[in-house]
Amino acid sequence: ILFIYRTNAQDAFNYEESKVPPFSLPDPFVSQKGKAIKTIQDWEFLRRGEIISLFENQVYGQLPRSLDNIRFQLVSEDKQAMSGNAHLKEIDIQVERNEKNIRMRLILFIPTKVNKPAPVFLLITHRDPENIDPTREVKMGFWPAEAIVARGFAAATFHVKDVSDDNNDTFKEDILNTLYPEQLEMENGMRGLGSWAWGAMRAMDYFETDPLIDANRAAVVGHSRGGKASLWTGAQDTRWAITISNESGCGGAALSRRKFGETVKRINTSFPYWFTDNFNQYNDHEELLPIDQHMLVAAIAPRAVYVASASEDQWADPKGEFLSLSLGTRVHREIYGMNGSFPSNLPAIESPLHLPYAGHHIREGKHNLTPYDWERFMDFADQLYGINHE
Ligand code: GTR
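To convert, take the position in the sequence shown, counting from 1, and add 5; that gives this note's numbering.
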């Protein structure tokens with residue numbers, strides 16, 4: 006008897022384009038009552054809200070509607086960080102509800118050479134906290150804060166653990182148990198990814214108060230599971246000028262109906278605490294989803310959106326990520342009349358495509374967030390903002 010062992014559980018999934026099943030996608034341009042969506046008015050007051058409700062109810066869960074009390078406390082500061090190139094602020098964002106509170110730590114490096122409010126990149130961090138070391142004794146390519154500051158942007162980040170731990174056993178600690186326990190009882194309640202998006206929005210609440218930050222030029226960035234959360238943030242919260250997904254894959258930028266690489270069933274099995282309970286209904290039934298992920302991209306419109314992939318990250322389905330971007334940004338083009346479009350095929354490796362309202366690149370190499378990715382995000386922001394930061 007010959008046993009074939011699969012050493013990598015990801016091997017059992019489809020990686021062949023020829024085996025992608027035929028599918029038809031839900032239409033962002035028709036309302037639930039069948040009205041054709043043609044104008045900015047239709048989009049902003051009817052269809053966009055419907056799409057967000059569908060994602061709330063079926064995929065990520067709804068965010069709490071109330072924010073009882075938010076406070077910002079500067080816990081440490083260094084005006085000469087990074088050899089004088091940056092002003093470091095560490096801020097505790099405290100949110101209180103029903104006399105209970107949680108704190109989320111925001112790390113923020115603001116370039117000192119800029120004498121006007123700085124545009125900012127916020128990274129939703131799920132990896133080891135050494136990736137975002139505020140002392141900069143450890144410097145990782147995952148968050149190249151020096152390089153971000155050198156280009157005139159503020160570099161901000163928080164760790165998801167402060168809002169909801171990335172762990173099935175402990176994700177309820179912090180905001181869910183402490184502030185919003187009723188969400189846990191709801192089949193469309195907030196879970197892990199929703200909590201992280203909530204955290205990003207609280208960072209934005211802070212940016213709006215800091216005179217050194219240009220909150221109108223803020224980008225939210227996440228890698229992989231963090232990219233799923235950044236898309237969910239940008240889709241709901243219209244304050245972000247740019248929403249960036251790096252290799253977010255299934256439940257992020259990739260179209261679920263392609264079933265290429267990671268599938269809905271697999272993600273709900275491995276990471277049941279990321280999504281709301283209702284998402285389980287679509288295990289092996291992607292065709293029943295009332296949305297697909299191109300509509301998450303669409304919900305960001307008219308604000309800018311960037312989707313990045315990596316050539317060896319087939320688990321995240323680079324082609325499915327690109328298709329979502331190109332289909333989702335039809336709203337930018339067809340409703341808002343923005344110029345430029347994407348080609349029908351996935352662009353070549355390391356040939357970034359930066360349109361006025363959307364960006365894409367596929368980097369050579371493995372699943373990761375790297376300085377190459379960051380430099381492209383900053384190129385895109387420079388172009389969008391039309392600035393040199395001198
Ligand atoms: C994988 C997961 C992906 C992605 C990735 C990551 O195990 O299947 O959906 O989130 O982790 O976050 O790096």
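Just so you know, even glycine gets a beta-carbon here, dropped at the ideal spot from N, CA and C.
From the options, residue whose alpha carbon lies closest to that of residue i
i: G370; options: K84, D318, Q37, G254; result: D318
i: R102; options: D378, N74, Q63; result: N74
i: S58; options: N283, R110, L330; result: N283
i: N120; options: N172, G54, I218, A205; result: I218
i: R108; options: R207, F34, N173; result: R207
i: P122; options: A160, R76, E104; result: A160
i: P134; options: L127, T162, E355; result: T162
i: P307; options: D242, R368, H131; result: D242
i: L260; options: F327, T248, Y287, Q286; result: F327
i: K38; options: I45, I56, H337; result: I56
i: Y390; options: N173, S81, A246, P186; result: A246
i: R76; options: M195, K324, G197, Y211; result: Y211
i: L184; options: I305, E104, R335; result: E104
i: N173; options: I45, L72, N273; result: N273
i: F126; options: S253, E355, R338, I249; result: I249
Check: residue i C-beta below 7 Å from any heavy atom of ligand 3
i: R230; result: Ligands in the displayed structure: ligand 1; ligand 3 is not one of them.
Distance between residue j and residue i (C-alpha atoms, nearest Å)
i: H359; j: Q188; result: 39 Å
i: E22; j: D322; result: 10 Å
i: S29; j: I42; result: 19 Å
i: I405; j: L236; result: In this structure the chain extends from 6 to 395, so residue 405 is not present and cannot be described.
i: D387; j: N373; result: 23 Å
i: R244; j: M209; result: 8 Å
i: G89; j: R141; result: 13 Å
i: L79; j: V154; result: 20 Å
i: N251; j: P361; result: 19 Å
i: L111; j: G157; result: 19 Å
i: P124; j: H164; result: 21 Å
i: A313; j: C255; result: 14 Å
i: R222; j: A363; result: 15 Å
i: D384; j: T238; result: 22 Å
i: M191; j: R70; result: 14 Å
i: S331; j: K177; result: 36 Å
i: T12; j: N19; result: Interpretation of T12 is limited by its pLDDT of 48, a score under 50 that renders its predicted location unreliable; no figure is taken from the coordinates.
i: I137; j: D215; result: 21 Å
i: I6; j: A17; result: Residue placement at I6 is poorly supported in this model, since its pLDDT is 48, which falls under 50; the coordinates still yield a value, given next. Roughly 21 Å separates the two Cα atoms.
i: V310; j: G342; result: 16 Å
i: R335; j: A240; result: 15 Å
Spatial neighbours of residue i in its chain, beta-carbon cut-off 7 Å, leaving aside the 5 residues before and after
i: E61; result: Q67, N193
i: P146; result: Here the sequence assigns Gly to residue 146, which means Pro is not the residue at that position. Same-chain partners within the cutoff: T375, P376.
i: N106; result: Q99, V100
i: R262; result: F28, L30, E291, E292, D297
i: P5; result: This structure gives no information on residue 5, because the portion of the chain shown stretches from 6 to 395.
i: Q15; result: W320
i: S36; result: I42, L51, R52, E55
i: S346; result: R338
Same chain, Cβ closer than 6 Å to residue i, neighbours up to 5 away in sequence not counted
i: L397; result: With the chain covering 6 to 395 only, the question about residue 397 has no answer from this structure.
i: R381; result: P357, H366
i: I129; result: W201, A205, G227, G231, A234, S235
i: L149; result: What sits at residue 149 in the sequence shown is Pro, not Leu. For P149, where only same-chain residues beyond five positions count, the Cβ hits under 6 Å are P376, W379.
i: P33; result: M300, A303
i: G333; result: H299, V302, A303
Cutoff 8 Å; reference residue i; Cβ partners in own chain excluding five residues on either side
i: K40; result: D47, L51
i: Y10; result: Unreliable positioning characterises Y10 in this predicted model, as indicated by a pLDDT of 47, which lies under 50. A coordinate reading is not provided.
i: E213; result: A220, R244
i: K144; result: D138, A150, E151
is_contact[residue i, chain D] using C-beta, thresh 8 Å
i: S169; result: Protein chains in the displayed structure number just one, and chain D is not present.
Threshold first: 3 residues or longer. Then list the beta strand (DSSP E) segments lying entirely within the stretch 156-202, N to C.
159-164
Could I get the ranges of all uninterrupted alpha helix (DSSP H) runs contained in the stretch 291-359, with 4 residues as the minimum, in chain order?
299-305, 323-333
Any contact between the stretch 186-202 and the stretch 163-173? By contact I mean 3 or more CB pairs, one from each, below 8 Å.
yes
Does the stretch 344-354 come close enough to the stretch 271-288 to have 3 or more Cβ pairs within less than 8 Å?
no
Cβ contact (3+ pairs, closer than 8 Å) linking the stretch 285-296 and the stretch 38-52:
no
Between the stretch 260-267 and the stretch 301-321, do three or more beta carbon pairs fall short of 8 Å?
yes
Report the start-end ranges of each beta strand (DSSP E) in the stretch 72-97 that is 3 residues or longer and not cut off at the edges.
74-86
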